[in-house]
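Undergrad: With this note's numbering as the guide, the letters of the sequence shown map in order to residues -16 to 235.
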Amino acid sequence: MILDRFKLNGKKALVTGAGRGIGRGLAQALAEAGADVAIVDLIAENAEKTAAEINRATGRRTIAVSCDISNAESVNAMVEKVIAEFGRLDIAVNNAGISIPIKGILDVSADEWKKQMDVNLNGTWNCLKAEAKVMIPNGYGKIINTGSICGHVIWPDPQLPYSVSKAAVIHMTRAAAAELIKHGIRVNCISPGVTKVADLFPEVVDVFFKTAPIDRFGSPADHQGAVVYLASEVSDFMVGQELVLDGGYTIM
Ligand SMILES: NC(=O)c1ccc[n+]([C@@H]2O[C@H](COP(=O)([O-])OP(=O)(O)OC[C@H]3O[C@@H](n4cnc5c(N)ncnc54)[C@H](O)[C@@H]3O)[C@@H](O)[C@H]2O)c1
């Protein structure tokens, strides 16, 4: 039955940047669909809190793991901890990301450029590599990266480093998918449009509303179904693709 094929009962998952925001919503959705979930975040306190809340709400097993995705050693230790606790890894959602302040090319410092790339691009790479390593022996796995509409179209206010980092994540998704499908690992990504989270830059809201045909911005709940779909066997024929959830912003 089709709805049964969306179920994730018995699956073991991790979500990076799950202490709050979109990642928290994605982790909650995977747990509601039946998976045990590792809540991975730079801020240990948020990871602990979210893990406890999701466990209470869903009855699924959750663990909190503090990790800096920009540090390969930290990522390797995080994946080792997930394997030690859960026994294996079936689903990995690489959601953690940051955005440096919106500013023009001449005002972006070398440190800001490096920070942007270290987290969004190198961090996603560190996770992809560590996750693929433990999924390959299983002959199956689901890796879901997080792009952005800014990886497709150029935002009217200048944010070149963020856009480039997300375009690279989207292309990394395709290249990784082509290479890993022979091991049964499906790599895909979601690209959110403007989504209400605690630290959303207020200046992006007006820009979004000026173009998007929808009359609201997104919430973490708007991305939950896409991730359950990509994590489940229903999407097994989807390889290296992107689901854009943006209220239609990029069709205009
Ligand atoms: N909110 C939006 O409008 C929007 C739009 C498009 C794409 N995105 C992308 O969605 C993802 C989630 O964004 P969000 O809006 O929920 O942001 P958020 O700031 O609310 O949450 C991001 C989480 O990632 C964690 N994190 C940051 N750096 C980390 C690191 N080095 N290692 C581990 N964890 C780290 C943070 O502690 C935080 O809990 C990001 O990749 C972001 O670029 C967001």
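By construction, the Cβ of each residue, glycine as well, lies at the ideal position given by its N, Cα and C atoms.
In this text the structure is predicted, and so the values were computed from the model without any measurement.
1) Under 8 Å, with one C-beta from each stretch per pair, do the segment 58 to 76 and the segment 94 to 105 reach the 3-pair mark?
2) Can you name, in chain order, every residue of its own chain whose Cβ lies under 8 Å from the Cβ of Ala181, other than the five neighbours on each side?
3) Should the segment 182 to 201 be regarded as contacting the segment 144 to 158, the criterion being three or more beta carbon pairs within less than 8 Å?
4) Between Lys(-6) and Ala18, is the Cβ-Cβ spacing less than 9 Å?
5) Three or more C-beta pairs under 8 Å: does that hold for the segment 206 to 214 against the segment 118 to 128?
6) Which same chain residues, not among the five before or five after Asp305, have their C-beta less than 7 Å away from its C-beta?
7) Pull up the DSSP beta-bridge partners for Asn171, would you.
8) Does any heavy atom of ligand 1 sit closer than 8 Å to the C-beta of Cys50?
9) Just the Cα atoms here: how many angstroms apart are Gly6 and Asp90?
10) For chain C, find out if any of its Cβ atoms is closer than 9 Å to the Cβ of Ile88; answer yes or no.
11) What is the rounded straight-line gap between the Cα of Lys(-10) and the Cα of Ala16?
12) According to DSSP, which residues form a beta bridge with Gly201?
13) Apart from the five residues just before and just after Ala113, which ones in its own chain have a Cβ nearer than 6 Å to its Cβ?
TA: By the coordinates alone:
1) With a cut-off of 8 Å, the segment 94 to 105 and the segment 58 to 76 do not count as touching, because too few Cβ pairs lie within range.
2) Along the sequence shown, read from residue 1 onward, the residue named residue 181 stands at position 198. Apart from sequence neighbours up to five positions away, the residues of its chain that approach Ala181 with a beta-carbon distance below 8 Å are Arg3 and Gly4, ordered along the chain.
3) Contact fails: fewer than three Cβ-Cβ distances are below 8 Å.
4) The residue you call residue -6 lines up with position 11 of the sequence shown. The residue you call residue 18 lines up with position 35 of the sequence shown. Going by beta carbons, Lys(-6) and Ala18 fall inside the 9 Å limit.
5) With the cut-off at 8 Å, the segment 206 to 214 and the segment 118 to 128 touch.
6) An answer regarding residue 305 cannot be provided, because it is not within the stretch -16 to 235 covered by the chain.
7) For the purposes of this step, residue 171 is taken as residue 188 along the sequence shown, with counting starting at 1. Looking at the DSSP assignment, Asn171 forms a beta bridge with Ile127.
8) Working through the sequence shown from its first residue, we reach residue 50 at position 67. Yes, ligand 1 has a heavy atom inside 8 Å of this Cβ.
9) On the sequence shown, residue 6 is found 23 positions in, with the first residue counted as 1. On the sequence shown, residue 90 is found 107 positions in, with the first residue counted as 1. When rounded, the distance between both Cα atoms is 30 Å.
10) No chain C appears in this structure, which consists of one protein chain only.
11) Looking up residue -10 in the sequence shown gives position 7. Looking up residue 16 in the sequence shown gives position 33. Going by the C-alpha atoms only, they are around 5 Å apart.
12) Along the sequence shown, one-based indexing puts residue 201 at 218. Under DSSP, Gly201 shares a beta bridge with Thr178.
13) As a working note, residue 113 is residue 130 in the sequence shown. Here the set comprises Val58, Asn59 and Val62.
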